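Q: In the UniProt record's numbering, the protein residues as written are 1 to 444.
Each residue gets a CB set at the ideal place from its N, CA and C atoms; glycine is no exception.
Keep in mind the model is a prediction, meaning the values are calculated, not measured.
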């Protein structure tokens, strides 16, 4: 017996309809066998996109066949976790192995390096299946950022690590040969050698008169103020070895920067200098909630006369620029009509005159709503999320059908949709993953 079935194909914001026969017998029924090998066809009135997929999750059997099915599986590979150790003109990297699931097999790795946080990166050739690599030919005193990329057998990237930082340093000079100091006539005696104290000298850029804190392996070892022009320098005496240093600043309004951390090797009886450390800007806002259509102002402290990159993470990401004053203060005004109602996050970054780029500031959350609420006042709680029906039943009518699909299309590609039931898997965006789950629970 044959019937008709319909399958929806998404392309951009449009929905296309394709039809196929249903096949049934006393032993089985094949529903919607419409998915074909990947490709597309078109005419003046339509475009039909197809993909390789299976029909339904599970296994069916009959006397004549065994069908192992699944609907749009998505392979996954875990991200490597990287550690970096600095050396003389080089950095040694090691990482955990990436593991592939649902069809992906990790066959090798390559390393990307950059002198700017966030890239762009220059990637090495494939390093095979090993989990370590030493990057040579680097400049001592320059901070490098690294990522490790896992690849499949065809050289396609399937997972990327988080960024790590390291600063190569020069190898210790050989110890000097002692030279006796002649003693004056009459008495005996001997001279001595003045050895360099083992220490690290840190230099960089912050905000005018900022209060800076330096931590070594998590413990505070220095607290001082930046100069009036925002530059700072400090030195820390220590025993030779490998240390992780962390630095943060507090501006004149009491706002704290994000912590900048790096690991370096300090040889015994040597002074190691690490320069061009840029403390990320601080960030604040005049409102915790802004009425839709009104302005919201962001501000903070940074190195004087710097370019400030302001990023707004919303349904669409907005990026704009401001400039810090000669006193190290910056501000940026945004009209909220460019944003959708709901939660948003912003952050900032400084680019100083030498084209040195800081890391990002801490992320600052704010809301677009029906009223203005000054920063520091309590926000009214968001309305409680509605109780969603079973998976895919967006309107909670007990069925998963074309009505639920229509609601999903309304919120398609939206982040944190007003109707959270449309985000079936709860990952913060309505997309093909949610559509796949809906089809699995489809009742018609």
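#1: Looking only at its own chain, which residues have a Cβ that is under 6 Å from the Cβ of residue 200, when we skip the five neighbours before and after it?
#2: Which class does residue 295 belong to by DSSP, given the choice of helix, strand or coil?
#3: In angstroms, rounded to a whole number, what distance separates the CA positions of residue 321 and residue 198?
#4: Let me know the beta strand (DSSP E) ranges lying completely inside the UniProt domain "Fibronectin type-III" (77 to 170), each 3 residues or longer, listed in chain order.
#5: Under the three-state reduction of DSSP, which class applies to residue 439: helix, strand or coil?
#6: Nearest to residue 167 by CA position, among 127, 92 and 82, is which residue?
#7: Report the residue from 79, 125 and 95 whose alpha carbon sits nearest the alpha carbon of residue 105.
#8: Ignore the nearest five residues each way along the sequence and tell me which others in residue 429's own chain have a CB closer than 6 Å to its CB.
#9: Considering only DSSP beta bridges, list what residue 318 is partnered with.
#10: Could you have a look at residue 339 and say whether DSSP puts it in helix, strand or coil?
#11: Count the other CB atoms within 10 Å of the CB of residue 151; is the residue buried (16 or more) or exposed (fewer)?
#12: My guess is that residue 281 and residue 355 are in contact by the Cβ rule of under 8 Å, so how many angstroms apart are they, rounded?
#13: In the DSSP output, what is residue 243 paired with across the bridge?
#14: Could you name the residues of the same chain whose beta carbon sits closer than 6 Å to that of residue 163, not counting the 5 residues immediately before and after it, in chain order?
#15: To the nearest angstrom, how far is it from the Cα of residue 204 to the Cα of residue 221?
#16: Going by the beta-carbon positions, is the gap between residue 333 and residue 297 smaller than 7 Å?
#17: Starting from residue 364, trace the beta strand (DSSP E) in both directions and tell me its first and last residue.
#18: To the nearest angstrom, report how far apart residue 336 and residue 363 are at their CA atoms.
#19: Might you give, ordered along the chain, the residues of its own chain that have their beta carbon closer than 6 Å to the beta carbon of residue 339, omitting 5 neighbours on each side?
#20: What are the start and end residues of each continuous alpha helix (DSSP H) run of 4 or more residues lying completely inside the stretch 398 to 444, in chain order?
#21: Quick one: residues in its chain with C-beta nearer than 6 Å to the C-beta of residue 149, no 5 flanking neighbours on either side, listed in chain order?
#22: Suppose you measure from the CA of residue 211 to the CA of residue 247; what does that come to, to the nearest Å?
#23: Determine whether the beta carbon atoms of residue 121 and residue 112 lie at a separation below 7 Å.
#24: I think residue 311 touches residue 319, with their Cβ atoms under 8 Å apart; what is that distance to the nearest whole Å?
#25: For residue 366, which of 76, 283, 130 and 229 has the nearest alpha-carbon?
#26: For the beta strand (DSSP E) that residue 357 lies in, which residues bound it at each end?
#27: What does residue 278 pair with, by DSSP beta-bridge criteria?
#28: Expressed to the nearest angstrom, what Euclidean distance is found between the alpha-carbon atoms of residue 53 and residue 432?
#29: Over what stretch of residues does the beta strand (DSSP E) that includes residue 256 continue unbroken?
A: Checking against the coordinates, here is how it stands:
#1: 236, 266 and 272
#2: strand
#3: 42 Å
#4: 82 to 86, 91 to 95, 108 to 114, 132 to 135, 144 to 151, 157 to 160 and 164 to 166
#5: helix
#6: 92
#7: 79
#8: 415
#9: 312
#10: coil
#11: buried
#12: About 17 Å; that fails the 8 Å criterion.
#13: 264
#14: 145 and 147
#15: 17 Å
#16: yes
#17: 364 to 369
#18: 18 Å
#19: 314 and 368
#20: 402 to 410 and 432 to 440
#21: 110, 157 and 160
#22: 11 Å
#23: yes
#24: 5 Å
#25: 283
#26: Premise fails: residue 357 is in no beta strand (DSSP E) and is neither H nor E.
#27: 205
#28: Bear in mind that the predicted position of residue 53 carries a pLDDT of just 46, short of 50, making it unreliable; the figure below should be weighed with that in mind. Their backbone Cα atoms lie some 13 Å apart in a straight line.
#29: Here residue 256 belongs to no beta strand (DSSP E), and DSSP marks it neither H nor E.
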